[in-house]
Amino acid sequence: MKTLQTLCVTSAVILFGFTMPAIAESEEGSRSTKGIRPEIVADFIYAVIESDRTLYTTHIVDRMQETGTVVASEAWESRNALPLPAQMLQLSGSAVKKKGIGLEYRLASLLPIYQKNGPATDFEAAGLAAVEREPSQPYTGYITKGEQTYFQAIYADRAISKACVNCHNTHLLSPKRDRKLGDVMGGIIISFPVN
């Protein structure tokens, strides 16, 4: 399924280039970059992801559920329903990852409903804790996977809809059941190669 989100992220990648900044070590050992700073690229990608998710949540899921036209459900595939906003983001992130361009993004939480949505690394755990404390600032840094260096940015993911809050507060596997609108529920993790 080719979503608007996948198209927008792909467009951002083409526009802002996967001519990602080259990282060089100076004589003092500090990193320097050429081209668009990775922080700016991550902000561009996050803006597209967050906007698409918000629009999907408010203009499709909430609206359809309020009118009774269609239901968003965790079991959307078997119930002929819409995917929940979190599932839509995860589906889009999987589709982008399959393109093999090095860009990855996903939702994660320190208190996930499903363990697969928890932090995968110490960096992610530290970042999720940091954006929970200070949601207005992304947590960023460089990580290495094999021979490749990646820039990783973690942005706060807030509960923007009653559907988000209700799902987390009533789900049988939810470790936290007192969520409110606006709460930081986790983070959107964006990762892309820089060398």
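Residues 1111 to 1305 (my numbering) make up the sequence shown, in order.
Note that beta-carbon positions come from the ideal geometry of N, C-alpha and C, so glycine has one too.
Considering Cα atoms alone, identify which of the options is closest to residue i.
| i | options | result |
| --- | --- | --- |
| G1297 | E1176, Q1175, Q1258 and R1216 | R1216 |
| P1193 | K1207, I1211, M1174 and V1206 | M1174 |
| A1263 | A1196, K1255 and G1251 | G1251 |
| S1307 | V1158, V1275, A1239 and A1235 | In the structure as shown, the chain begins at 1111 and stops at 1305. Residue 1307 is therefore absent and cannot be evaluated. |
| D1162 | Q1258, L1221, Q1197 and Y1260 | Q1197 |
| A1230 | E1160, I1299, L1291 and G1256 | I1299 |
| Y1249 | A1236, C1277 and E1176 | A1236 |
Return the CA-CA distance between residue i and residue j, expressed in angstroms with no decimal places.
| i | j | result |
| --- | --- | --- |
| I1133 | K1209 | Per-residue confidence for I1133 stands at a pLDDT of 43, beneath the threshold of 50, marking its modelled position as unreliable; no derived number is given. |
| S1246 | R1289 | 19 Å |
| Y1166 | S1204 | 17 Å |
| K1226 | I1155 | 23 Å |
| I1253 | E1160 | 23 Å |
| V1206 | Q1200 | 10 Å |
| V1171 | M1295 | 19 Å |
| L1291 | V1151 | 28 Å |
Which of the three DSSP states is assigned to residue i in this structure?
| i | result |
| --- | --- |
| R1189 | helix |
| D1288 | coil |
| R1268 | strand |
| Q1262 | strand |
| S1161 | helix |
| T1250 | strand |
| R1243 | helix |
| I1299 | strand |
| A1218 | strand |
| V1304 | coil |
| K1207 | helix |
For residue i versus residue j, is the C-beta spacing smaller than 8 Å?
| i | j | result |
| --- | --- | --- |
| V1241 | A1266 | yes |
| S1284 | P1195 | no |
| D1306 | A1269 | Coverage of the chain is limited to positions 1111 through 1305, which leaves residue 1306 absent and any answer about it impossible. |
| H1281 | I1211 | no |
| L1238 | L1220 | yes |
| Y1260 | F1302 | yes |
| V1275 | P1148 | no |
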